[in-house]
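Each residue of the sequence shown is one higher than the one before, counting from 1 in UniProt numbering. No residue lacks a Cβ here, since even glycine has one placed at the ideal position from N, Cα and C. As the structure is a prediction and not an experimental result, all values here were calculated from the model. Remarks on the structure that follows.
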Amino acid sequence: MGMLFYLAMGWCGTKFPGWWRFPVPPHPDPEPWRDFSILSVIGIIAGVAGGTLFNNQISQNALFAGQEMIASGMFAFAASGIVTGVGAVMMKGKR
């Protein structure tokens, strides 16, 4: 169940291509699904990895007693956002 939660948080943390220039509408891409689908898969993987690793690190910590899943979900969301943000910038920079 925790893995599904990390999957969802990783997908929700995925940045869409062109997120850094949000007020300006992005130029039409002939295949817009490709960039978002690649970033979505990367975000899901980053969310699962980040949530699982963070949960393993804090499982015996008294500070997070009873809140391991919430904290790990937030970490999965943040890890996905950071990784896909960097990936989106790198993907747009190569064009």
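Range of the contiguous alpha helix (DSSP H) that encloses residue i
i    : result
MET3 : 2-12
Which listed residue (the options) has its alpha carbon closest to that of residue i
i     : options                    : result
THR84 : TYR6, GLY10, GLY2, MET1    : GLY10
VAL48 : SER59, CYS12, SER37        : CYS12
MET1  : ASP35, GLY73, PHE64, ILE38 : GLY73
ALA8  : ILE38, ILE44, LEU39, SER37 : ILE44
Rounded separation between residue i and residue j - CA only
i     : j     : result
PHE54 : ALA46 : 12 Å
LYS92 : ALA62 : 43 Å
GLY81 : THR14 : 5 Å
GLN67 : GLY87 : 30 Å
TYR6  : ILE70 : 10 Å
SER59 : LEU4  : 18 Å
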